[in-house]
Each structure stands twice: as C-alpha cells, then as structure tokens.
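**Q**
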C-alpha cells in the first residue's frame, strides 16, 4: 500500500479533450439574422481571433485547478489512511493483550482440570 511510487494519472487534460473534440462551431450571420428577425445574405461570420487563445488559457487554468484539487484530495486521503493505520495497530495491540490475559487467566481457572484454552 505504501510503496511511495506515484501512479501515472491517465486523466486527459481539458486542453487535450478540447483538441480531440474539434473547434466549436460559431453561428452564421444568417442564423444571427433569423434570431434578430431580419434577412441576411448568408455570409458566415468571422471567428473572434482571440477565441483560441482565450480557450487555451481557460483550459490551462482548469487543468491547473484540477491538478491542485487532486493533490489536496490525495493528501487528505493519505492523512486519513495514516490515522486509520494507527487506530488498527492500536486495536490489534489491545486484542493481543486481551487474548494473552484471557489465556493466562484461563490456565488458572479452567472449568476442566488440566484443560487450557488455545
């Protein structure tokens, strides 16, 4: 359990997911015109030249936040596991002490002469 090796995270980054899904479609002028209630010649609108840069920045920020969350969750899980290991060790110790006490006590007060409990 505590080998100390960090496992490879196979979760794709947001930027990688965006690249695999392709560019977002922007509505054409005719779609805008229909929504506005006027007619249009049907020319496609020019995409905002800053959109890819902004999307890239947002994806990078989201990847950083995701990595930060994963780090803190893993840190908290390890802290909780460490506490549980300590509690389990204490329970085993108390169980062994009680078992030893029972075995020692049972050899003196067995209901059958000469019989001891395992």
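Residue numbers (this note's numbering): 21 to 138. Idealized CB from N, CA, C, for every residue including glycine.
1) Where residue 72 and residue 107 are concerned, what is the direct C-alpha to C-alpha distance, given to the nearest angstrom?
2) Inspect the beta-carbon positions of residue 33 and residue 68 and report whether they are closer than 7 Å.
3) On the three-state DSSP scale, how would you describe residue 70?
4) Where residue 100 and residue 78 are concerned, what is the direct C-alpha to C-alpha distance, given to the nearest angstrom?
**A** Taking the structure as given:
1) 52 Å
2) no
3) coil
4) 33 Å
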